[in-house]
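**Q**
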Amino acid sequence: MSARMHFSDNPKLDPVVGASLTRIGYGLGVAGLLVSLGLGFGVEGNQKQFYFSWLTAFLWMVTLTAGALFFVVLHHLVRANWSTALRRTAENIAANMPLMALLFVPVLIGSSDLFHWSHADVVAADPSLQYKSGYLNMPFFIGRAVVFLILWIAIAFFYRKHSLAQDESGDVGLTFKMRRFAPVATLVWAMSLTFAMFDWSMSLDPHWFSTIYGVINFAGSMMACYAALALASLWLTKNGALTRTYTVDNFHDVGKLMWGFTIFWTYTSFSQYFLIWYGNIPEETIWFVVRQSNGWMALFLTLVLGHFIFPFWFLMSRHMKRGRKTLGIGAVWLLLMHYCDHYVMVMPNLHHHLHFHILDVTCLVAIGGLSVGAWAQRTAKVNLVPIKDPQLDASMSYDNAV
Amino acid sequence: MAHAHSSSETVFPPPLVEGKHTFHSVTEAVCSIVEAPPSKGWLASFALALMGLGILGISVGYLFWEGTGVWGLNQPVGWGFAIVNFVFWVGIGHAGTLISAILFLFRQKWRTSINRFAEAMTIFAVICALLFPTIHVGRVWLLYWALPIPNQMGMWPNFRSPLLWDVFAVSTYFTVSLLFWYVGLIPDLATLRDRAKNKISFYAYGMLALGWRGANRHWQNYEKAYLILAGLSAPLVLSVHTIVSFDFAVSVIPGWHTTIFPPYFVAGAIFSGFAMVLTLAIPARKIFHLEDFMTIRHIENMNKIILVTGMMVGYAYAMEFFVAWYSASEYESFAFINRALGPYWWAYWIMVSCNVITPQLFWFKKIRTSATMAFILSIFVNIGMWFERFVITMSLHRDYLPSSWDYYTPTLWDFGCLVGSFGLFFTLFLLFLKFLPAIAMAEIKGVMPEADPHWEGHGHAHGAASGHDDAVEKHHG
Chain A
-3 MSARMHFSDN PKLDPVVGAS LTRIGYGLGV AGLLVSLGLG FGVEGNQKQF
47 YFSWLTAFLW MVTLTAGALF FVVLHHLVRA NWSTALRRTA ENIAANMPLM
97 ALLFVPVLIG SSDLFHWSHA DVVAADPSLQ YKSGYLNMPF FIGRAVVFLI
147 LWIAIAFFYR KHSLAQDESG DVGLTFKMRR FAPVATLVWA MSLTFAMFDW
197 SMSLDPHWFS TIYGVINFAG SMMACYAALA LASLWLTKNG ALTRTYTVDN
247 FHDVGKLMWG FTIFWTYTSF SQYFLIWYGN IPEETIWFVV RQSNGWMALF
297 LTLVLGHFIF PFWFLMSRHM KRGRKTLGIG AVWLLLMHYC DHYVMVMPNL
347 HHHLHFHILD VTCLVAIGGL SVGAWAQRTA KVNLVPIKDP QLDASMSYDN
397 AV
Chain B
629 MAHAHSSSET VFPPPLVEGK HTFHSVTEAV CSIVEAPPSK GWLASFALAL
679 MGLGILGISV GYLFWEGTGV WGLNQPVGWG FAIVNFVFWV GIGHAGTLIS
729 AILFLFRQKW RTSINRFAEA MTIFAVICAL LFPTIHVGRV WLLYWALPIP
779 NQMGMWPNFR SPLLWDVFAV STYFTVSLLF WYVGLIPDLA TLRDRAKNKI
829 SFYAYGMLAL GWRGANRHWQ NYEKAYLILA GLSAPLVLSV HTIVSFDFAV
879 SVIPGWHTTI FPPYFVAGAI FSGFAMVLTL AIPARKIFHL EDFMTIRHIE
929 NMNKIILVTG MMVGYAYAME FFVAWYSASE YESFAFINRA LGPYWWAYWI
979 MVSCNVITPQ LFWFKKIRTS ATMAFILSIF VNIGMWFERF VITMSLHRDY
1029 LPSSWDYYTP TLWDFGCLVG SFGLFFTLFL LFLKFLPAIA MAEIKGVMPE
1079 ADPHWEGHGH AHGAASGHDD AVEKHHG
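Chains as they are written, first to last, in the working numbering: chain A, -3 to 398; chain B, 629 to 1105.
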């Protein structure tokens, strides 16, 4: 067992480093946004492609951000010690929620291109959609999205505000306050994420349904959040911040959870696939038939290999999770696979045949860049860890010797 | 402090062992249960359990003589109490594996005082579970047909059937759980051997202890073996009940065929398992004076897990209902409306009340820190989870063809097998309490402040030692 550690780092990020990542992030984001808009609306016939590419990239980032939000809530819910040093980074990612609300606006504007249940004539000709119109209708859809995003912004704001306040006052009562709110926040988060995924992703094919859809997306978003936390922590320590605070055991644990949620994603995805394959009911199998034909099978198999088999073996050994390079490679790879996961959920609704488009890349750069820029800007302003959190020392003092 | 909060709240949890215990007093407290002659209470309970076992013998004997016609099975309800009891008992077992494997991997040290208990419960519950598919086959003497044994007739079991996967999954689960339990017992069996007062117990515990002398090398091998077994058991927590859920979900029967079944069954199994741990542990800790080891903190933690997993089960109920409507499939919608308002409405509402509503009382700290309330509510969960499996199975009673609809009524022999399985379970459990250390002594000692290399005796650095203990204790997941 290692000796008891005390926080001794500079709690702030080097302003030059912070400003540089902020510039890069925003620069790429704005450039990506302008190119995407130019290609989407300046070139004839690209509008629909723009909205689908945008939605895929948006789902990729919003689930990651929601995952970071739940990381913070979970930390308080289970009264974790180990994750205290990582919590501020997660709080800063979760604080991107207002930006996510902004990035959702194009989805709303493009809803008639994205969701064919939003067309009155389509619904009129389809008894099944008429039946569902009590749920799948535009006003209710918008209302739900507004509620989900407001709830997420509120939870993110609540936790970051109290956490930052503790940096000043060191008041242990704030810890108790954040803990007391965690169970309710967990419930709200679980239900809102489920229905957000039903609305924004599952309803793209409004006839198809799966009860586990919310759980799969929960697993994916947690995996993405741990990958993002690993990368953020690696980046901070590489730039000289928190080198004595982030121990190799912190990285090891983030790696373990990232690996664990890769397996959980596989478990839930396999459950969905297997039960639908075995039951072999046309109204359910159609979702997989589409994703296994006309070239889509390549991406489907990419998920099987890249989202499970490769990371399962690559990250299994403790040396891989404790090694900075290998953990970083694993995290980047899994973020890519998380995008691929959403791509397979969304894109077959647009293209009958597998078809990549330059807008996929530009939208990804736009949303990714803006999110990283906003995170870096926020991170540069505050302490990088909750310096007066009573659990901070404990977070630095454990090891994974067993 | 600017913010008001109750004085009982602390940043770090209270110690895991209460009272003024030394390593020696822990050994005394646990071994005395085994070494003392059986108490009147134990004898009375054992007599009762044997009566239950007798009922099982009679019910199963008559069943073998007459065939499964003595049960209330009919068309379309070809699966009755047997499958309900099977899933119920397999589910009970899950808490043991979760506590021994998953909580171990997550470094949840509070598991040490309940893991022995829970693991024993797992093994006995799986024995009860295995009983039901065995007797449900009707011609029990042909049970070996379920195994893929090469034979001159070229007859093989159906590898595509989840019922066969059950055979593999549950027997693997039983084997690994038994190994895990036994490996964990070895150091404690050696303690009992060293304290033995007569030849029989000396040789019996001596043989079981496999020559354990507490050497450094022994401990190193032991720790490695324990970690490997924990790693092997962790996926089993998921796989066993996942495959049990496949028994239902691979079919195309409305109410059974739904994609959330695997994680939903796993959550339900952990939920029911923790309830059973409480049902067993709370009376035992009182009777054998183990309150210093199974503290209120342990009970509160288990109650929190019950609250969380209860809400996961509630989430699954809600998803099933929502998607049954959203699917726009009239068969799906009918199956769920029929559950809530059809002939078995009473079973559905017992299930919802016991699994989703009553556990909500654990939101109140007063209730979840009360051993009595935890005991009462754990009984509710046990009842609710039995009814959950009953409700799912009874989806059969109104199938696609209305002319074949029928109401399933269990017979006396159905109840005989159910009550009898409890008799079997409690017989085994009471024998365990009497002959084996109910608490993992060696592990409990490892979480006491004395185990810290920097510990300087009572009164010295006690706070620092327990603080350090907290530091290495992780809470996640």
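We put the CB at the ideal spot given by N, CA and C, even for glycine.
Checking 7 Å against the spacing of the C-beta atoms, do Gly896(B) and Val941(B) come in under that value?
**A** In contact: Gly896(B) and Val941(B) (Cβ atoms closer than 7 Å).
**Q** Assuming Asn931(B) is part of the alpha helix (DSSP H), what are its boundary residues?
**A** Residues 924 to 954.
**Q** On the premise that Leu55(A) lies in contact with Ala223(A), defined as a C-beta separation below 8 Å, what is that separation, rounded to the nearest angstrom?
**A** Wrong, their Cβ atoms sit about 16 Å apart, outside the cutoff.
**Q** Helix, strand or coil for Lys436(A), going by three-state DSSP, please let me know.
**A** It is not possible to answer for residue 436(A), since the shown part of chain A is limited to -3 through 398.
**Q** Looking at Leu271(A): is its Cβ nearer than 7 Å to the Cβ of Ala912(B)?
**A** Result no, Cβ atoms of Leu271(A) and Ala912(B) do not sit closer than 7 Å.
**Q** For Ala390(A), I'd like the list of residues in its chain whose CB is within less than 6 Å of its CB, leaving aside the five on either flank, ordered along the chain.
**A** Excluding sequence neighbours, Ala390(A) sits near Asn77.
**Q** To which residues of the same chain is Leu1024(B) closer than 6 Å at the C-beta, ignoring the five residues directly before and after it?
**A** Result list for Leu1024(B): Pro704, Val705, in chain order.
**Q** Give the residues of chain B in contact with Gly275(A), contact being defined as C-beta atoms less than 9 Å apart.
**A** The answer, in chain order, is Ala877, Val878, Ser879, Val880, His885.
**Q** Sort Ser4(A), Arg156(A), Ala376(A) by Cα distance to Ala15(A) and report the nearest one.
**A** Ranking the options by Cα distance to Ala15(A), first place goes to Ala376(A).
**Q** Chain B beta carbons: is any one of them nearer than 7 Å to that of Ser206(A)?
**A** Closer than 7 Å to some Cβ of chain B, the Cβ of Ser206(A) qualifies, so yes.
**Q** Identify the continuous alpha helix (DSSP H) that holds Thr207(A) and give its terminal residues.
**A** Looking at the DSSP string, Thr207(A) is not in any alpha helix (DSSP H), and its letter there is neither H nor E.
**Q** Name the two residues that bound the continuous alpha helix (DSSP H) containing Ala710(B).
**A** Note, Ala710(B): alpha helix (DSSP H), 709 to 725.
**Q** Pick out whichever of Asp249(A), Gly369(A), Phe304(A) has its Cα sitting closest to the Cα of Gly319(A).
**A** Cα-wise, what sits closest to Gly319(A) is Asp249(A).
**Q** Buried or exposed: which applies to Leu684(B), given that a residue is buried once 16 or more other Cβ atoms fall within 10 Å of its Cβ?
**A** Buried, because 16 or more other Cβ atoms sit within 10 Å of the Cβ of Leu684(B).
**Q** Report yes or no: do the stretch 145 to 157 of chain A and the stretch 82 to 93 of chain A share at least 3 C-beta pairs separated by less than 8 Å?
**A** As far as the Cβ criterion goes, the stretch 145 to 157 of chain A touches the stretch 82 to 93 of chain A, which means the pair count is three or higher.
**Q** Who are the near neighbours of Ile402(A) in its chain, counting only those whose CB is closer than 8 Å to its CB and skipping five residues on each side?
**A** Outside the modelled stretch of chain A, which goes from -3 to 398, sits residue 402(A), for which no answer is possible.
**Q** Please state the DSSP three-state secondary structure of Asp1034(B).
**A** DSSP places Asp1034(B) in coil when its eight states are reduced to three.
**Q** Hey, out of Thr887(B), Ile814(B), Ile871(B), Arg823(B), whose CA is closest to Thr207(A)'s CA?
**A** For Thr207(A), the nearest C-alpha among the options comes from Thr887(B).
**Q** Buried or exposed, going by whether 16 or more other CB atoms sit within 10 Å of the CB of Met333(A)?
**A** Burial call: buried.
**Q** Using the Cβ count rule (16 or more neighbours within 10 Å means buried), how would you classify Gln126(A)?
**A** By the neighbour-count rule (16 or more Cβ atoms within 10 Å), Gln126(A) is not buried but exposed.
**Q** Given Ala757(B), which residues of its chain have a CB within under 6 Å of its CB, disregarding the five upstream and five downstream residues?
**A** Same-chain partners within the cutoff: Phe714, Trp717, Val718.
**Q** With hydrogens ignored, establish whether the beta-carbon of Leu30(A) is closer than 6 Å to any heavy atom of the ligand MN.
**A** Absence of the ligand MN is noted for the structure shown, with no ligands found whatsoever.
**Q** Return helix, strand or coil for Gln736(B), following the three-state DSSP convention.
**A** Gln736(B): coil per DSSP, three-state reduction.
**Q** So Trp784(B) and Asn929(B) are in contact, right, with Cβ under 8 Å, and what is the actual spacing, rounded?
**A** Not confirmed; about 47 Å, so no contact.
**Q** Would you tell me roughly how many angstroms separate the C-alpha atoms of Phe1060(B) and Ala748(B), rounded to the nearest one?
**A** So the alpha carbons of these two residues sit roughly 8 Å apart.
**Q** By how many angstroms is the C-alpha of Leu731(B) removed from the C-alpha of Pro643(B)?
**A** If I take the Cα positions, the gap works out to 18 Å.
**Q** For chain A, check one thing: does any of its Cβ atoms lie closer than 7 Å to the Cβ of Glu948(B)?
**A** Chain A contact via Cβ: present.
**Q** Residues in the stretch 635 to 647 of chain B with C-beta within 8 Å of chain A's C-beta atoms, listed in sequence order?
**A** For the stretch 635 to 647 of chain B, which is checked against every Cβ of chain A, the residues closer than 8 Å are Glu637, Val639, Phe640, Pro641.
**Q** Let me know the secondary structure DSSP gives Ala630(B) once reduced to three states.
**A** Only weak support is given to the placement of Ala630(B): the predicted model assigns it a pLDDT of 41, under 50, and the value that follows is read from those uncertain coordinates. Looking at Ala630(B) - three-state DSSP - the assignment turns out to be coil, as it is neither helix nor strand.
**Q** How many Å lie between His347(A) and Gln45(A) at the Cα?
**A** Distance between the alpha carbons of His347(A) and Gln45(A): 9 Å.
**Q** In terms of residues, what are the limits of the alpha helix (DSSP H) holding Asn235(A)?
**A** Per DSSP, Asn235(A) belongs to no alpha helix (DSSP H) and is neither H nor E.
**Q** Counting Cβ pairs, one atom from each stretch, are 3 or more of them under 8 Å apart for the stretch 221 to 239 of chain A and the stretch 309 to 328 of chain A?
**A** Contact holds: three or more Cβ-Cβ distances are below 8 Å.
**Q** With a threshold of 7 Å on Cβ separation, who are the neighbours of Tyr833(B) within its own chain once the five nearest residues in sequence on each side are excluded?
**A** The residues are Leu817, Leu820, Arg821, Ala824.
**Q** Are the stretch 931 to 947 of chain B and the stretch 762 to 772 of chain B in contact at 8 Å, needing three or more beta carbon pairs?
**A** As far as the Cβ criterion goes, the stretch 931 to 947 of chain B does not touch the stretch 762 to 772 of chain B, which means the pair count is below three.
**Q** Compare the C-beta of Gln43(A) with all C-beta atoms of chain B and state if any pair is closer than 7 Å.
**A** Gln43(A) does not count as touching chain B.
**Q** Rounded to the nearest angstrom, what separates Ser159(A) and Val300(A) at their Cα positions?
**A** Roughly 39 Å between the two C-alpha positions.
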